[in-house]
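Since the structure comes first, as structure tokens, the remarks are kept for the end.
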Amino acid sequence: MRAVNLQAFNATQAVDDALVGPISLAYKKTVPSPFRSGVHNVLYNLREPVVFVNFVLQHKIGKAAETFARFAINSTIGVLGIFDFAKRKTFKLPRRSNGFANTFGFYGIPSGPFMFLPIVGPTTVRDLFGGALDRAIMPLTFGRRITRPEFAVPFGVLGVLDHRAEFDETLHTLHDNVPDPYANTRAFYLQRRQAEIDHLRGRNISNSSPMSEAPKGPIRLKSKYPTPPIPAPVPPVDPVPAPKD
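Residue numbers (full-length UniProt numbering): 1 to 245.
Written as structure tokens, this is what we have:
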């Protein structure tokens, strides 16, 4: 599996270095910040129904209610999500990420083997199926028109540019001046995903989001993922088995 993953990783990096990276950098430098912020907000707003459904499935009704309120506020007075009014002082509703892959992990479904796929990037079997379900929910929420090329292609391109620009610094940290960029990427992805699942299941985590920080140098994947404590933690549950490469 590693040999196949490594080939896909190297091919993806070549495309990123030659095309995606430079275009996303140009997007970040030339497109005005208010426009980029609006695009970013709209893309997140489109995901809110998926976030809501999965918080319900995870029995986190308070967070589900906040997510529903965020979607209602930003889709109306936020002009279809262009402006994130919900996070402002008036409402104080934080933006959260969630999905079916997280719900699978919440209920103890193993992640399965790690894979690096063209276009998709780093993933696992659990995350791959979860992501497919996330995308299947969107037409049920917004109608089938969102799957038409005139909508899907622009949103897809903008989504790639937005994501690539957002994580540019993280990618450089993972890939530059390290002996094995693939191994570093794999370890970071698996540790971050495990931290997200641990957070949902009430295990000890750091106060910062597992999405927020890249490692400062090469990292190693351990049998148990490091999770520094937060105030008043609940007793840990059985860990999700670590995936095999």
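Beta carbons: idealized from backbone N, C-alpha and C, even for Gly.
SER75: which of ARG88, GLN58, GLU48 and ALA101 sits nearest, CA to CA?
One-based indexing of the sequence shown puts residue 75 at position 75. Checking every option, the nearest Cα to that of SER75 belongs to GLU48.
TODO: Assign GLN194 to buried or exposed, taking buried as 16 or more other Cβ atoms, counted over all protein chains shown, within 10 Å of its Cβ.
DONE: By one-based count along the sequence shown, residue 194 stands at place 194. The residue is buried, with at least 16 neighbouring Cβ atoms inside 10 Å.
| query | With burial defined as no fewer than 16 other Cβ atoms inside 10 Å of the residue's Cβ, what is the status of ASN102: buried or exposed? | reply | Position 102 of the sequence shown, counting from 1, holds the residue named residue 102. It counts as buried.
What does the Cβ neighbour count give for LEU93, buried or exposed, with the cut at 16 atoms within 10 Å? The residue given as residue 93 occupies position 93 in the sequence shown. Around the Cβ of LEU93, a 10 Å sphere holds 16 or more other Cβ atoms; the residue is buried.
Whole angstroms are fine: how far does the CA of LEU80 sit from the CA of ASN41?
The count along the sequence shown starts at 1 and reaches residue 41 at position 41. The count along the sequence shown starts at 1 and reaches residue 80 at position 80. Pairing ASN41 with LEU80, the inter-Cα distance amounts to about 9 Å.
- Item | Between the CA atoms of PHE52 and ARG70 - distance to the nearest angstrom | By 1-based counting over the sequence shown, the position of residue 70 is 70. By 1-based counting over the sequence shown, the position of residue 52 is 52. Taking C-alpha positions only, ARG70 is separated from PHE52 by approximately 10 Å.
query = From GLN13 to THR90, what does the alpha carbon distance come to, in whole angstroms?
reply = The sequence position of residue 13 within the sequence shown is 13, counting from 1. The sequence position of residue 90 within the sequence shown is 90, counting from 1. THR90 has its alpha-carbon roughly 43 Å from the corresponding atom of GLN13.
So, with DSSP's three-state summary, where would you put MET115?
Stepping through the sequence shown from its first residue, residue 115 is reached at position 115. DSSP places MET115 in strand when its eight states are reduced to three.
- Item | Run of the alpha helix (DSSP H) containing PRO181, from where it starts to where it stops | Here residue 181 is taken as the residue at index 181 of the sequence shown, counted from 1. Residues 181–200.
Give the DSSP bridge partners of GLY121, in chain order. Working through the sequence shown from its first residue, we reach residue 121 at position 121. In DSSP, GLY121 forms a bridge with LEU117.
Practice item. Might you give, ordered along the chain, the residues of its own chain that have their beta carbon closer than 8 Å to the beta carbon of PHE129, omitting 5 neighbours on each side? Key: Position 129 of the sequence shown, counted from the first residue, corresponds to residue 129. Exclusion of the five residues before and after PHE129 leaves PHE100, ALA101 and PHE104 as the residues of its chain whose Cβ lies within less than 8 Å of its Cβ.
#### Entry: Three or more C-beta pairs below 8 Å linking the region 54–71 and the region 155–175
Judged by Cβ distances under 8 Å, the region 54–71 makes no contact with the region 155–175, as fewer than three pairs qualify.
Report task. Would you mind stating whether PHE9 and PRO181 have Cβ atoms separated by less than 9 Å? Result -> As a first step, residue 9 must be located in the sequence shown, where it is residue number 9. As a first step, residue 181 must be located in the sequence shown, where it is residue number 181. The answer is yes: Cβ separation under 9 Å.
Would you mind giving the Cβ-Cβ distance between SER111 and ARG126, rounded to the nearest angstrom? I have them listed as a contact below 8 Å.
Here the question's residue 111 lines up with position 111 in the sequence shown. Here the question's residue 126 lines up with position 126 in the sequence shown. The distance from the Cβ of SER111 to that of ARG126 is about 5 Å, consistent with a contact at the 8 Å cut-off.
| field | Cβ-Cβ separation, ASP168 to SER24 (assumed contact under 8 Å), whole Å | value | If you number the sequence shown from 1, residue 24 lands on position 24. If you number the sequence shown from 1, residue 168 lands on position 168. Sure, about 7 Å apart at Cβ, within 8 Å.
* LEU158 to LYS28, Cα distance in whole Å? -> Position 158 of the sequence shown, counting from 1, holds the residue named residue 158. Position 28 of the sequence shown, counting from 1, holds the residue named residue 28. The straight-line gap from Cα to Cα measures roughly 12 Å.
task = Return helix, strand or coil for PHE52, following the three-state DSSP convention.
result = Here residue 52 refers to the residue found at position 52 of the sequence shown. If DSSP states are grouped into helix, strand and coil, PHE52 belongs with the helices.
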